[in-house]
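Numbering (this note's numbering), first residue to last: 12 to 366. From the three backbone atoms N, C-alpha and C, an ideal C-beta is built for every residue, glycine too. Since we're looking at a predicted model, the values are computed, not measured.
Given below as structure tokens:
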């Protein structure tokens, strides 16, 4: 409501000045004027330089910003071109990546969506293998048909807006640290993801999977505020969680390996309910996700849990949003009366195990 009033006030000022859009106001310094001095503190402020428009030798768009495509992105796009043209069904790109390389995969995803539409390409049509230390937004908006394998570590926003692609992160060659204890990716990974998969052999930072609405992820630890405002998808955490997990979570499910039995004290139980993993559908789903995590990342933690499955399973906690759980209960009652309710995981993700 407040922002509506702000927008309305702005609209009135724009109308007085004769502008229809904010873009029309860009660069119009001629519409600005300095108010008369009303206070001694403003007497010495000279704003004249700000009121003069930039001197241009030739007409140019004032709001244009062109960013050159990086060498890495160009190489990836060139390698994928035959797939987009239908000349070959598969392409593989192997490259070194540095922390100055940002949003790797985003340009390719844009090309795919423009060429093939939202459905993207068939599964694993384009494989990108990167080694090193990736910059921010690795795999942002990654489209269906692209698999990005990261050997090393990545900065914040991994998988931001993930849109059907697959991202895996594992330690680089010769890494000496214990995988499950090391942060492999930064903060705010999987923010706003709508579909796709993320498998990370290592811990993630704070605010993991915030506003996730459909992606599947397996990681080995998260910082504070994990799954905040999550509305859909599946998240599996094989290690410790930070505080305030699940705050505002209204959809999807999460499975937490609670070896030290401290998760209840770190979870925001105002919005979620905690259950044991006892339904057959949930057991099968969880086991399948761990097997896929082990296959794609070589995770020692996943291997250990699977090898001792009977002892590991009771230590998992299922996190279900209260509002979502109540909605499902009402739907089941309306459709089946007093019949036993199927699990929330089965209701929303019946095809996960058939991949």
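Own chain partners of residue i with C-beta closer than 6 Å, once the 5 adjacent residues on each side are dropped
i           : result
residue 120 : 152, 153, 154
residue 317 : 301
residue 164 : 144, 195
residue 124 : 154
Burial state of residue i, where buried means 16 or more other Cβ atoms lie within 10 Å
i           : result
residue 269 : buried
residue 139 : buried
residue 293 : buried
residue 258 : buried
residue 26  : exposed
residue 325 : exposed
residue 60  : exposed
residue 267 : buried
Three-way DSSP call (helix, strand, coil) for residue i in this model
i           : result
residue 88  : helix
residue 176 : strand
residue 41  : helix
residue 217 : coil
residue 30  : coil
residue 205 : coil
residue 284 : strand
Residue i CB to nearest heavy atom of the ligand NAP below 6 Å
i           : result
residue 345 : Here there are no bound small molecules, and the ligand NAP is not part of this structure.
Residues bridged to residue i (per DSSP)
i           : result
residue 143 : 108, 163
residue 336 : Answer is none; residue 336 lacks a bridge partner.
residue 16  : Answer is none; residue 16 lacks a bridge partner.
residue 268 : 327
residue 103 : 138
Alpha-carbon spacing of residue i relative to residue j, whole angstroms
i           : j           : result
residue 21  : residue 14  : 10 Å
residue 279 : residue 235 : 11 Å
residue 111 : residue 144 : 9 Å
residue 367 : residue 132 : Within the shown structure, residues of the chain are numbered from 12 to 366, placing residue 367 beyond reach of any answer.
residue 361 : residue 244 : With a pLDDT of only 46 at residue 361, under 50, the local geometry of the prediction cannot be trusted, and the value read off the model is given with reservation. Roughly 12 Å between the two C-alpha positions.
residue 358 : residue 84  : Per-residue confidence for residue 358 stands at a pLDDT of 49, beneath the threshold of 50, marking its modelled position as unreliable; no derived number is given.
residue 338 : residue 211 : 32 Å
residue 364 : residue 341 : Caution is warranted here: a pLDDT of 45 is assigned to residue 364, below 50, making its placement in the model unreliable, and no coordinate value can be reported.
residue 208 : residue 159 : 10 Å
residue 247 : residue 141 : 24 Å
residue 147 : residue 101 : 27 Å
Other residues of its chain near residue i: CB distance less than 7 Å, five sequence neighbours each side excluded
i           : result
residue 277 : 252, 253, 254, 256
Contacting residues, own chain, Cβ-Cβ under 8 Å from residue i (five flanking each side not counted)
i          : result
residue 87 : 104, 106, 115, 116, 118, 119, 139
Interface flag, residue i vs chain C, CB-CB below 7 Å
i           : result
residue 300 : No chain C is present in this structure, which holds just one protein chain.
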